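Note that our numbering numbers the sequence shown so that position 295 is 395, with each residue one more than the last.
In this text, a Cβ means the ideal position worked out from N, Cα and C, and glycines have one as well.
If you're wondering where the values come from, they're calculated on a predicted model, not measured in any experiment.
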Amino acid sequence: MMSKAKVLITPQASFGKFSQAEEILRENGIEPVFPPYPHPLTENQLLEVIAPFDALIFGLELLTERVFEKAKNLKVVSKHGVGVDNVDIEAATRRGIVVTNAPGSNENAVAELTIAFLFMLTRHVVQLHEDLRKKQWGKMVGMELEGKILGVVGTGRIGKRVAKKAMALDMRVLGYDLVPDQELASHPQFQYTDLEQLLQTSDFVTLHLPLNEKTRKLINRERLALMKRTAFLINTARGGIVDEKALYDVLKEGRIAGAALDVFSQEPPFDNPILELPNVITTPHIGADTREAVRNMDEVSAKNVILVLQGKPPLHSVNFHLLQKEDVHESSS
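What follows is the structure, encoded as structure tokens:
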């Protein structure tokens, strides 16, 4: 790097709070800069500030073709997390911009929130807490998790962690994934099945898939209709995996017992009628918000930026291999 590079960091409320990532960037000749807007930035806010930067560490911002067109100096965008469904990968690749992420950095945090939702749903924690604050000493009969069936849709890093934690609670676990995990498959409490059978059989269904064209609204009206009336849906993955209008209808009509949602198709979801339902627990996309996960995401996202700006392969990337192929093609032409 001939002159000092600059990286725009949008998750300013958390970045560097539990790590030395800012110092590491500076030690490598990269100046960290925080935007004058709260995270996540809108597209227009990004367009206002992105032009001079060589790198971007981002969270929930939408990185559109317009953003990449404006970012003439941009060489790398580094996700402060895992999912990159908010990035126009094709547009970035066309402009030679490396898109990186941090798989594994928050898997335990998301898995633990999922398990927390299981307890909150079965023991009516939120409702009883609110009742007591209103000086209402009521009781609600819950149910135990032991012996119940958890359906895990997507058994990648996070889904696998959830399955293991559930089996430690003596739950039975059904899994659905196009690529089965052999370690899970060998466990006596675990069984792979098809999606329809999983939905029909499970007492709880938890989603752990990336959002893409194949998974968008995977849990639609027809599939929700397969679930038992006593079953609960948990989503700590991406809101777009669920048809939210269909979910609202089945929850309102009592065709499933309830849901716990950390993610929504539009965030923040202030106009989403699901927020008004009494049989839903909602949180504001906090799955990765633990000190340990934030530290991990800080360090990996910063390291990815440093490596790319040094002309080296990043730790993790979704398009670096494509850019390498283009470089080879161009050099041989």
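Among the options, the one whose alpha carbon lies nearest that of residue i
i	options	result
phenylalanine 290	Lys117, Ile249 and Pro310	Ile249
alanine 171	Gly181, Ala192 and Val184	Ala192
valine 380	Leu147, Lys260 and Ile334	Ile334
valine 305	Glu148, Glu123 and Val342	Val342
serine 119	Leu415, Gly259, Asp398 and Leu147	Asp398
leucine 307	Ile130, Thr110 and Ala211	Ala211
proline 136	Leu147, Gly129, Ile130 and Arg126	Leu147
lysine 362	Val279, Asp389 and Thr315	According to the sequence displayed, residue 362 carries aspartate and not lysine. Closest by alpha carbon: Asp389.
threonine 222	Glu161, Glu246 and Ile258	Glu246
methionine 327	Leu347, Pro310 and Gly339	Leu347
proline 138	Gly183, Ala113, Ile130 and Phe153	Ala113
asparagine 173	Val149, Glu376 and Gly183	Val149
glutamate 283	Gln227, Asp303, Leu269 and Arg257	Arg257
valine 408	Phe115, Glu244 and Ile130	Ile130
proline 368	Leu163, Thr142, Arg261 and His416	Thr142
histidine 337	Leu108, Thr255, Lys117 and Ala121	Histidine is not the amino acid found at residue 337; the sequence shown has alanine there. For the residues Leu108, Thr255, Lys117 and Ala121, the minimum Cα distance to alanine 337 belongs to Thr255.
arginine 316	Trp237, Gly339 and Arg194	Gly339
aspartate 188	Asn208, Leu160, Phe332 and Pro203	Leu160
proline 203	Leu163, Glu165, Leu422 and Val400	Val400
threonine 382	Lys106, Val182 and Gln227	Gln227
lysine 106	Lys117, Gly387, Gly116 and Leu125	Leu125
arginine 329	Lys345, Met220, Ala359 and Val252	Ala359
glycine 181	Asp303, Leu278, Phe370 and His385	His385
proline 132	Pro140, Leu232, Arg194 and Pro111	Pro111
glutamate 244	Met220, Ser417, Lys235 and Gly259	Met220
asparagine 208	Phe364, Lys234, Gly387 and Leu415	Gly387
arginine 194	Ser365, Glu165 and Gly116	Glu165
arginine 355	Phe332, Ser365, Asn312 and Phe370	Phe332
valine 350	Ile319, Gln366, Gly251 and Asp231	Ile319
Integer Cβ distance of residue i from residue j, believed to fall under 8 angstroms
i	j	result
histidine 287	methionine 267	6 angstroms
asparagine 372	valine 199	Going by Cβ atoms, the distance from asparagine 372 to valine 199 rounds to 29 angstroms, so no, they are not a contact pair.
valine 405	alanine 155	5 angstroms
tyrosine 292	proline 280	5 angstroms
phenylalanine 158	lysine 179	6 angstroms
alanine 121	alanine 402	4 angstroms
isoleucine 215	lysine 264	Not confirmed; about 10 angstroms, so no contact.
alanine 224	glycine 196	One point to set straight first is that residue 224 is histidine, not alanine, in the sequence displayed. So it is not a contact: roughly 53 angstroms between Cβ atoms.
leucine 299	arginine 323	6 angstroms
isoleucine 374	glutamate 344	6 angstroms
leucine 269	serine 302	With a Cβ gap of about 15 angstroms, leucine 269 and serine 302 do not count as contacting.
leucine 295	valine 253	7 angstroms
leucine 108	phenylalanine 153	5 angstroms
valine 184	asparagine 206	Not a contact, Cβ separation roughly 14 angstroms.
Per DSSP, cross-strand counterpart(s) of residue i
i	result
glycine 358	Phe332
valine 342	Ile319
proline 138	According to DSSP, proline 138 bridges with nothing at all.
phenylalanine 158	Lys179
leucine 307	Val253 and Asn335
leucine 163	Val187
Uninterrupted alpha helix (DSSP H) stretches inside the segment 228 to 304 (no shorter than 4 residues): 257 to 268, 282 to 285 and 295 to 301
Whole beta strand (DSSP E) elements within the segment 171 to 201, 3-residue minimum: 176 to 179 and 198 to 200
Continuous alpha helix (DSSP H) assignments of at least 4 residues falling wholly in the segment 346 to 426: 391 to 409
Every unbroken beta strand (DSSP E) within the segment 101 to 137, with a cutoff of 3 residues, ordered by chain: 105 to 109 and 130 to 133
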